[in-house]
Ligand code: AHG
Ligand code: MN
Ligand code: MN
């Protein structure tokens, strides 16, 4: 049987893996481990809701808009409630920033961790049984424990993340996370209801043959993006775009590729959110040997100024992302 570097076999449960990681790092208090277990529990609950969405009346639009002015799907709302409840009951989180809520969700102010989350990513794919996901980032609060959570606790650099990850509800359900010591993936074993280790220390190939972008916006892209796409086509690379960031990113990390959601004329800051989409995946990508930028700047060094800030986003295999950066620097513009 395969053994990984912690001496654990493929198939080890997530709980055991987290405990082993905690034991390896003498400074760990066990609180982060508990928080990761809370997130895994939330993922299992959301997975259950997603799996039965065709049977219950929980697919389709909820009839309201989120803070971005986008239509909320019923499952967006359900995932937000489920996730928030799991973190509240887990008792390790002082505050959440969620894509689905304008303001900070205040939980127990005696706790040290802040969570930024996209409870359900890829909402346009919910109704059609295509892969969707949950994305999260974890920060240690800056303000003193016991007092109210401040904006500065949320508006931290991506480099300050202490953990990040995603849950992919795909042909199987998978949890992928990092605490800054490599990227590890776990598959949900449905009959056991447990996440079990699939891969430790995942690495993203340095180069790849897949490019993922919504080319429907081609005429709105900057010249450097258009030029890069022409290069991809000249090399007969494969175009793959699911429209669920988590799923597109996951495939490209495993196979080698690039995902781009650049600025467009209509959305000069792109569409994706820095705090709970881009930073989380950037941390994973870098831990796997990949790169994440806004076209020029490293994503994890962008100073956040608001909870729901957007940024152009280019992520994936190092050589491919570096090429976009080179073209962007040559045309001297990030936003096109
Ligand atoms: P969300 O469902 O959380 O709002 O995110 C959707 C995002 C992302 O998952 C996806 O890659 C992108 O929106 C697709 O946008 P386009 O339809 O504009 O390509
Ligand atoms: Mn999203
Ligand atoms: Mn979402």
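In our numbering, the protein residues as written are 462 to 797.
Glycine included, each C-beta is placed from N, C-alpha and C at the ideal position.
These numbers come from a predicted model, not from an experiment.
query, result
"Every unbroken alpha helix (DSSP H) inside the stretch 584 to 647 [4 residues or more]", "612 to 615"
"Inter-residue Cα distance where the pair is residue 654 and residue 501", "11 Å"
"Residue 526 - partner residues in DSSP beta bridges", "532"
"Residue environment, residue 671, which counts as buried when at least 16 other CB atoms sit within 10 Å", "buried"
"Residue 722 (DSSP reduced to helix, strand or coil)", "strand"
"Alpha-carbon spacing of residue 577 relative to residue 792, whole angstroms", "34 Å"
"Check whether residue 568 and residue 548 have beta carbons under 8 Å apart", "yes"
"Closer than 7 Å: residue 598 CB and nearest ligand 3 heavy atom", "no"
"Residue 588 beta carbon near ligand 3 (any heavy atom closer than 7 Å)", "no"
"Straight-line Cα distance separating residue 777 from residue 693", "14 Å"
"CB contact flag (residue 510, residue 469, <8 Å)", "no"
"Bridge partners - residue 655, DSSP secondary structure assignment", "650"
"Near ligand 2: residue 510 beta-carbon under 7 Å from a heavy atom", "no"
"Minimum length 4: unbroken alpha helix (DSSP H) runs contained in the stretch 703 to 764", "706 to 716 and 740 to 748"
"Nearest-residue set for ligand 3, Cβ under 6 Å from any heavy atom", "537, 560, 579, 581, 582 and 584"
"Validate contact between the stretch 725 to 743 and the stretch 676 to 695 using beta carbons, cut 8 Å, 3 pairs", "yes"
"Closest by C-alpha distance to residue 753, when choosing among 765, 786, 729 and 764", "786"
"Presumed contact (8 Å Cβ cut-off) between residue 600 and residue 622, rounded CB distance", "6 Å"
"Segment limits, alpha helix (DSSP H) that includes residue 501", "492 to 512"
"Start and end residues, alpha helix (DSSP H) containing residue 789", "779 to 792"
"Chain-order list of residues whose beta-carbon lies under 8 Å from that of residue 554 (same chain, five-residue window excluded)", "496, 499, 548, 568, 569, 572, 574, 575 and 576"
"Given 8 Å, three or more beta-carbon pairs between the stretch 754 to 770 and the stretch 726 to 740", "yes"
"Burial state of residue 551 (16 or more Cβ within 10 Å)", "buried"
"C-beta contact flag for residue 597 and residue 626 at 8 Å", "yes"
"Closest Cα partner of residue 759 within the set 558, 619, 504 and 691", "619"
"Distance between residue 707 and residue 579 (C-alpha atoms, nearest Å)", "10 Å"
"Contact test: residue 709 Cβ vs ligand 1 heavy atom, cutoff 7 Å", "yes"
"Own chain partners of residue 483 with C-beta closer than 7 Å, once the 5 adjacent residues on each side are dropped", "489, 491 and 494"
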